[in-house]
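In what follows, a single structure is set out as structure tokens and then discussed.
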């Protein structure tokens, strides 16, 4: 009996520590807890991104958002699923530490491992000037999400005309370099997101911010874990 009691105490203690380790600041939530059927492809937790390696402070491939943004995205997901589609998330809350990692990478001219895939027509030295990398990111306020659309039946991404995080004007909403089908796919994403309270970023078809974001002046720096 004593052994059983001791085991239970160990399990309770372990669960408490685990919960504490994963505790988020007030007002934030793990997106999968709010939208279990949403798909994740958290690029900065791995190497399939423009710096070619896991980004600092992305300790696990999970998506975190403010509760307000997650609730709005849940409504958007419901609308999208009614049309036979689902969201795939590339990035959500982004710690300031991760932004600092981007800045450090941008200042190393010789590190161009991913140039052909992500910025073939842009000189690395111009990434700051052209606005592709900044010292502050709206993602760090917790209510911005990078996402695309997939077909529920096949799991395939819709063709948006350029890949996620491609630095070039083909990624702009106003580009004339995409096909009619690609434009329709972007318009579907834009329509669903705007309807549910998000505003688009003109230069990135994948980037949306909650209009009434709860922390418009606060840039957070807790890790994604």
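In the working numbering, the protein residues as written are 653 to 877.
Ideal Cβ positions, reconstructed from N, Cα and C, are used throughout, including at glycine.
* Nearest-angstrom Cβ-Cβ length linking residue 872 and residue 677, presumed shorter than 8 Å -> 7 Å
* State the start and end residues of the unbroken beta strand (DSSP E) segment that holds residue 803. => 796-803
* Asked: Should residue 693 and residue 738 be called a contact, given that it needs their Cβ atoms to be closer than 9 Å?
  -> no
* Using 8 Å as the threshold, is the stretch 720-727 in touch with the stretch 858-868, meaning 3 or more CB pairs across them? -> yes
* To do: Identify every residue that forms a DSSP beta bridge with residue 716.
  => 682
* Asked: Along the chain, which unbroken stretches of the alpha helix (DSSP H) at least 4 residues long are found entirely within the stretch 829-859?
  -> 832-847
* Cutoff 8 Å; reference residue 761; Cβ partners in own chain excluding five residues on either side -> 776, 777
* Quick one: what's residue 861 bridged to in DSSP? -> 796, 851
* Asked: Counting Cβ pairs, one atom from each stretch, are 3 or more of them under 8 Å apart for the stretch 791-809 and the stretch 732-750?
  -> yes
* Could you check what DSSP says for residue 725 in three-state terms: helix, strand or coil? => helix
* To do: Below 8 Å on the Cβ atoms is my guess for residue 876 versus residue 712; work out the distance and round it to an integer in Å.
  => 6 Å
* To do: Identify, in the order they occur along the chain, each residue of the same chain with its Cβ nearer than 7 Å to the Cβ of residue 868, setting aside the five sequence neighbours on each side.
  => 793
* For the beta strand (DSSP E) containing residue 739, list its first residue and its last residue. => 737-743
* Do three or more CB pairs link the stretch 752-769 to the stretch 820-828 at distances below 8 Å? -> no
* To do: Decide yes or no for the touch test of the stretch 766-786 against the stretch 839-848: beta carbon pairs closer than 8 Å, at least 3 of them.
  => no
* To do: Please confirm whether residue 798 and residue 816 have their CB atoms less than 9 Å apart.
  => yes
* Using only alpha-carbon positions, find the residue among 681, 782, 852, 839 that is nearest to residue 810. => 839
* By DSSP, does residue 808 sit in helix, in strand, or in coil? -> coil
* **Span separating the alpha-carbon of residue 870 from that of residue 742** => 22 Å
* To do: Tell me, please, which residues DSSP counts as bridged to residue 732.
  => None, per the DSSP bridge assignment.
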